[in-house]
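Basically this note's numbering = 1-based index in the sequence shown + 113.
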Amino acid sequence: MSIRVKVLGIVLGVILLLSLFVTLQMRSVMFDTLRTELAQQGTALIVHVADQTGELLDDQQVDSLRFYLLDRQIHYSSDTHNTRIAYLAVFDSDGKIIATTLPDDAIPSELQPANLDQPLSALHDHLSYLSIGDAAILDIATSIGDQGLVRLGLDEGRIGETVNIVTLQLLTITLIMIVIGLGAAIFLTWILTQPIMSLVAATQAVSQGDFTRRVPRWANDELGELATAFNTMTESLAQAEHERQEKEALRARYVSGVIVAQEDERKRIARELHDSTGQSLTSILVGLQNLKTSTSPEEIASRSDELRGVISRTIDEVRNLAWQLRPSALDDLGLLSALDHYISEFQTRYDIPVDFVANGLAQRLPREMETSIYRIIQEALTNIARHAQANYASVMIDKRQSTLRIVIEDDGIGFDPNRVQDRSLGLQGIRERAALFQGTITLESRPSQGTALFVTLPYDLPENLL
Ligand SMILES: Nc1ncnc2c1ncn2[C@@H]1O[C@H](COP(=O)(O)OP(=O)(O)OP(=O)(O)O)[C@@H](O)[C@H]1O
Ligand SMILES: [Mg+2]
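If you want it as structure tokens, here you go:
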């Protein structure tokens, strides 16, 4: 059910309920008031009629009594008095009728004084409500000393008519109130739902990836605040999406770069196997052939010495190749030994002294983490060898409580980290590997001031990352 229907329903219900209550209350109050008024009017009237009747009875003018009663009935039933007298009747002290404005044969049994259940002489402005035929009658009875009793019947029909007219007016007002109320409610819900609908549309657009959608700030109220908050949220979403896409592109470039690098590596190893190991094996083959034809023991001895030399060089080459592919020490002996081996190899190959310090690595780290740290240090040292023109380098690993810090420094020519080209994959690879373990890297380098690379890896990682 839409908000509009709900609001309209509530407004309609409240107006109807209130109107019903007011109308019923009004009817009952009016009825009571008009009845009291009628009773007061009737009481005043009957006192007067009783006096006159008493006088007429004293004068024995029973015949003129009926005319007098008819005259009074006609007089007071006129529009100027706003009362309608249904009957006037006079009874003697025995309860027999003396005179009445009703036709003689139409005196209802309700009028018999015996029905009053009280001694006639004690009756004084006695009120009773009768229904005679279809009419509701207010009956007032009062005694004329010990001469008898006068009864006056006032038709209550007028009261009902007046109350009905007022009720009708109230209902008309209710109808007008409903129309105005509904109009106001429609306007209100329009004002309220318009911004909400446009927010809904914008939210749907955003959920489908359109981050350019903004909603206008309609007014400086709560809905305006909502619109501003929505726009801010969309902007942050757009920003986050942009960053995600950039990261994604970077990652894709990295992955394809890694594949190319791996392919190059394979080519190099294939060439090395072909050029150097292949050559060595061929020369061993030729050496063995020569050995077969050698006759003198000296010749055999010198050739087999030569062959042993070639074979031991070949073994070194193959070992070296295997090491480059994956340092077996990393799996067997751990990070520390693998790095020791790599760094001493590095120093000999590039003639750059490296100071290596490691703290807190007595226990093995998770295998993936060890590989990543090894590759990070390998890349950083390779960069130093290739780009830094350094005289000295240092590698420091420090594991304390929940953090592992690595610092690789050199005293080389330095560079501007902001100018690193996108095509270079080494530093990016370092960053990616650190990010894999929710770590961060910081590069401190300025031209001609050497370079320091800081890597921080949180160590108490959730199970699934280790
Ligand atoms: N220790 C260093 N001293 C001086 N310059 C450095 C150092 N490390 C990196 N650089 C500079 O930063 C650039 C980016 O390094 P990065 O390792 O990302 O790429 P690369 O070494 O050029 O190529 P590769 O993708 O093969 O690693 C290098 O080209 C070099 O100019
Ligand atoms: Mg590099």
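Using N, Cα and C, we set each Cβ at its ideal position, and we do this for glycine too.
**OP:** Return the chain-ordered list of same chain residues with a C-beta closer than 7 Å to the C-beta of Glu354, the five sequence neighbours on each side being excluded.
**Re:** Taking the sequence shown and counting its residues from 1, one reaches residue 354 at position 241. Closer than 7 Å at the Cβ level, and outside the excluded window around Glu354, lie Phe324.
Subject >> C-alpha distance - Phe134 paired with Val142, whole-angstrom precision >> reply: Sequence index remark: in the sequence shown, residue 134 carries index 21 (1-based). Sequence index remark: in the sequence shown, residue 142 carries index 29 (1-based). Looking at the two C-alpha atoms, the distance is approximately 12 Å.
Subject >> CA-to-CA distance, Phe343 to Leu129, given in whole angstroms >> reply: Counting from 1 along the sequence shown, the entry for residue 129 is found at position 16. Counting from 1 along the sequence shown, the entry for residue 343 is found at position 230. Distance between the alpha carbons of Leu129 and Phe343 is about 39 Å.
Original post:
Taking the Cβ atom as the reference point for each residue, do Ser558 and Ile526 lie within a distance shorter than 7 Å?
Top reply: Position 445 of the sequence shown, counted from the first residue, corresponds to residue 558. Position 413 of the sequence shown, counted from the first residue, corresponds to residue 526. No, Cβ-Cβ distance for Ser558 and Ile526 is not below 7 Å.
**OP:** Note the first and the last residue of the continuous alpha helix (DSSP H) segment covering Phe180.
**Re:** What you label residue 180 is simply residue 67 of the sequence shown in a count that begins at 1. Phe180 -> alpha helix (DSSP H) spans 175-189.
Subject >> 7 Å Cβ cutoff met for Val597 and Ile456 >> reply: Nothing in the structure corresponds to residue 597, since the chain is present only between 114 and 579.
Original post:
Taking all protein chains shown into account, do 16 or more other C-beta atoms lie within 10 angstroms of the C-beta of Gln88, making it buried, or fewer, making it exposed?
Top reply: It is not possible to answer for residue 88, since the shown part of the chain is limited to 114 through 579.
Subject >> Alpha carbon of Asp247 to alpha carbon of Gly270, nearest angstrom >> reply: For the purposes of this step, residue 247 is taken as the residue at position 134 of the sequence shown. For the purposes of this step, residue 270 is taken as the residue at position 157 of the sequence shown. Their Cα atoms are separated by approximately 10 Å.
**OP:** Find out if the Cβ-Cβ distance for the pair Glu492, Ile428 is shorter than 7 Å.
**Re:** Translated into positions along the sequence shown, residue 492 becomes position 379. Translated into positions along the sequence shown, residue 428 becomes position 315. No, they are not a contact pair.
Original post:
Span of the alpha helix (DSSP H) holding Asp145?
Top reply: One-based indexing of the sequence shown puts residue 145 at position 32. Where Asp145 is concerned, the enclosing alpha helix (DSSP H) stretches over 116-171.
Original post:
Alpha carbon to alpha carbon, what distance is there between Gly563 and Glu522?
Top reply: For the purposes of this step, residue 522 is identified with residue 409 of the sequence shown, where counting begins at 1. For the purposes of this step, residue 563 is identified with residue 450 of the sequence shown, where counting begins at 1. Glu522 and Gly563: Cα-Cα distance of roughly 7 Å.
**OP:** Measure the C-alpha to C-alpha separation of His454 and Pro440 and round it to an integer number of angstroms.
**Re:** Within the sequence shown, numbered from 1, the residue matching residue 454 stands at position 341. Within the sequence shown, numbered from 1, the residue matching residue 440 stands at position 327. In a straight line, the C-alpha of His454 is about 9 Å away from that of Pro440.
Original post:
Based on Cα-Cα distance, which residue from Ala365, Glu168, Phe144 lies nearest to Leu538?
Top reply: Reading the sequence shown from its first residue, position 425 is the one you call residue 538. If we check each option's Cα against that of Leu538, Ala365 comes out closest.
Original post:
Any heavy atom of ligand 1 closer than 6 Å to the Cβ of Asp523?
Top reply: Stepping through the sequence shown from its first residue, residue 523 is reached at position 410. Flag set: Cβ of Asp523 near ligand 1.
Subject >> Cβ shell of Ala565 (< 6 Å), same chain only, five flanking positions each side left out >> reply: As a first step, residue 565 is located in the sequence shown; it is residue number 452 there, counting from the start. Cβ within range, chain order: Glu522, Glu557.
Original post:
Per DSSP, what kind of secondary structure is Phe567 in: helix, strand or coil?
Top reply: Locating residue 567 in the sequence shown gives position 454, counting from the first residue. Three-state DSSP puts Phe567 in a strand.
Original post:
If you follow the alpha helix (DSSP H) that Thr341 is part of, which residue opens it and which one closes it?
Top reply: Here residue 341 refers to the residue found at position 228 of the sequence shown. Counting along the chain, the alpha helix (DSSP H) containing Thr341 begins and ends at 335-385.
Original post:
beta strand (DSSP E) containing Asp281: first to last residue?
Top reply: As a first step, residue 281 must be located in the sequence shown, where it is residue number 168. It is Leu, not Asp, that sits at residue 281 in the sequence shown. It is not in any beta strand (DSSP E) - Leu281 instead sits in the alpha helix (DSSP H) that spans 270-320.
Original post:
Assuming Ala212 and Leu182 make a contact with CB atoms under 8 Å, what is their CB distance in whole Å?
Top reply: One-based indexing of the sequence shown puts residue 212 at position 99. One-based indexing of the sequence shown puts residue 182 at position 69. Yes, they are in contact, since the Cβ atoms of Ala212 and Leu182 sit about 6 Å apart, within 8 Å.
Original post:
Within 10 angstroms of its Cβ, does Pro479 collect 16 or more other Cβ (buried), or is it exposed?
Top reply: If you number the sequence shown from 1, residue 479 lands on position 366. Its Cβ having fewer than 16 others within 10 Å, Pro479 is exposed.
**OP:** In angstroms with no decimal places, state the Cα-to-Cα distance between Ile519 and Ile497.
**Re:** For this step, residue 519 is matched to residue 406 along the sequence shown. For this step, residue 497 is matched to residue 384 along the sequence shown. The straight-line gap from Cα to Cα measures roughly 16 Å.
Original post:
Looking at the structure shown, is Leu579 part of a helix, part of a strand, or coil, going by DSSP?
Top reply: Taking the first residue of the sequence shown as 1, we reach residue 579 at position 466. Unreliable positioning characterises Leu579 in this predicted model, as indicated by a pLDDT of 45, which lies under 50. The coordinate reading is nonetheless provided below. Correct three-state label for Leu579: coil.
**OP:** Tell me whether Gly539 counts as near ligand 2, meaning its Cβ is closer than 6 Å to at least one heavy atom of that ligand.
**Re:** Numbered from 1 along the sequence shown, position 426 holds the residue referred to as residue 539. Ligand 2 has a heavy atom closer than 6 Å to the beta-carbon of Gly539.
Original post:
For Asn496, is the beta carbon positioned less than 6 Å from some heavy atom of ligand 2?
Top reply: As a first step, residue 496 is located in the sequence shown; it is residue number 383 there, counting from the start. Yes, the Cβ of Asn496 comes within 6 Å of a heavy atom of ligand 2.
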